[in-house]
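Notes follow once the structure below has been shown.
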Amino acid sequence: MAGLLIVNPHSGNDSPSAEELAEEASGRGIEVHLFRQGEDLEAIARDADADALGMAGGDGSLAPVASVAIERDLPFVCVPFGTRNHFARDLGLDRDDPLAALEAFGGTERRVDVGRVNGRAFLNNVSLGMYAQLVHEREEHRRRREMLARARAVLIALRHFSTRGLSVDGEPMRVRVLLASNNDYKLDLLSIGERKRLDEGLLHLYAGSGVLRASWTERSGERFTVDARAGALRAAIDGEPARLKTPLEFEIEPGVLRVLVPPA
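First residue of the sequence shown: 40, per the working numbering; consecutive thereafter.
Structure follows, in structure tokens:
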């Protein structure tokens, strides 16, 4: 199989290095593109002469390439090469072994769901409120030590986030956290848990008025509309900061992504 693997050297994985991963992939006959700041992931994937598209990076870099794979009806390969690698974990991959994930080129194909918000694809979730504020604050203060930045972000989010004027499918809501996920998550305090399935065909919407999980409500469906008085909302899409125009139209596309995983 003529595969392309895009490697993001800035994703945060130091072992193996990007160069070592690229060398191993090339030795397996996989074309490698080392991503550079300022390049367009979708354009690279769209222009590739390949039978499969792979991305080695963090969660935030996967969806753009997966979106092109859907567009071109090509299989997608996820190589865990970031900090948390939630999608890789939920696929059943070993998050600590990017080299083993290369075996997916020519491996077994699975069909998984993809979520969209205002047409933009996401593989994991979109968060608004406290989690999104945390992501934006960490991005703005990424040079600081991670724990201090995270603690400061949580305090700022708790003090300043307000959902006055926010509604879900026309129902007014006042919450600190609103999380739309592609399939069902097990959620813990200030962290995203695991998903047992990636092919349930449903979005799940978690709304929390406080930081304790017991204060949250949950609903599921194929579509949700989130609106706000503000013309735009800060969000985190698969862990990456974004600013989205309102209303936010969420939908799920069941089984639309062809994912290759290593042979059993």
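C-beta atoms are modelled at their ideal positions from N, C-alpha and C, and glycine is treated no differently.
Quick one: give me the first and last residue of the beta strand (DSSP E) that residue i is part of.
| i | result |
| --- | --- |
| residue 162 | No beta strand (DSSP E) contains residue 162, which DSSP labels as neither H nor E. |
| residue 281 | 279–284 |
| residue 259 | 255–260 |
| residue 271 | 271–276 |
| residue 73 | 70–73 |
| residue 247 | 242–247 |
| residue 44 | 42–46 |
Pull up the distance between the alpha-carbon of residue i and that of residue j, whole angstroms please.
| i | j | result |
| --- | --- | --- |
| residue 259 | residue 53 | 38 Å |
| residue 236 | residue 247 | 23 Å |
| residue 244 | residue 205 | 14 Å |
| residue 273 | residue 42 | 36 Å |
| residue 44 | residue 212 | 43 Å |
| residue 48 | residue 79 | 15 Å |
| residue 76 | residue 50 | 11 Å |
| residue 325 | residue 218 | Missing from the structure shown is residue 325; the chain here goes from 40 to 303 and no further. |
| residue 73 | residue 261 | 36 Å |
| residue 115 | residue 291 | 18 Å |
| residue 168 | residue 280 | 12 Å |
| residue 136 | residue 64 | 13 Å |
| residue 87 | residue 241 | 32 Å |
| residue 149 | residue 109 | 13 Å |
| residue 122 | residue 143 | 20 Å |
| residue 297 | residue 271 | 32 Å |
| residue 82 | residue 107 | 9 Å |
| residue 69 | residue 300 | 15 Å |
| residue 207 | residue 67 | 48 Å |
| residue 90 | residue 111 | 10 Å |
Give the DSSP bridge partners of residue i, in chain order.
| i | result |
| --- | --- |
| residue 115 | 92, 298 |
| residue 266 | 206 |
| residue 237 | Paired residues: none, contrary to the question. |
| residue 151 | 296 |
| residue 211 | 206 |
| residue 101 | Paired residues: none, contrary to the question. |
Going by C-alpha to C-alpha distance, which of the options sits closest to residue i?
| i | options | result |
| --- | --- | --- |
| residue 295 | 280, 97, 75, 221 | 221 |
| residue 285 | 76, 269, 98 | 269 |
| residue 71 | 136, 84, 114 | 84 |
| residue 210 | 257, 266, 164, 219 | 266 |
| residue 125 | 233, 95, 301, 272 | 233 |
| residue 293 | 274, 299, 275, 238 | 238 |
| residue 96 | 275, 263, 257, 117 | 117 |
| residue 287 | 160, 101, 256 | 160 |
| residue 165 | 94, 301, 278 | 278 |
| residue 98 | 46, 61, 146 | 46 |
| residue 138 | 59, 256, 263 | 59 |
| residue 302 | 145, 106, 135 | 145 |
| residue 257 | 214, 150, 113 | 214 |
| residue 163 | 105, 276, 92, 112 | 276 |
| residue 57 | 120, 90, 127, 66 | 120 |
| residue 113 | 100, 127, 93 | 93 |
Over what stretch of residues does the alpha helix (DSSP H) that includes residue i continue unbroken?
| i | result |
| --- | --- |
| residue 24 | Residue 24 lies beyond the range of the chain shown here (40 to 303); nothing can be said about it. |
| residue 125 | 125–130 |
| residue 133 | Unbroken run through residue 133: none, as it is neither H nor E. |
| residue 86 | 80–86 |
| residue 146 | Looking at the DSSP string, residue 146 is not in any alpha helix (DSSP H), and its letter there is neither H nor E. |
task = Report yes or no: do three or more beta-carbon pairs, one from the stretch 153–162 and one from the stretch 131–140, lie closer than 8 Å?
result = no
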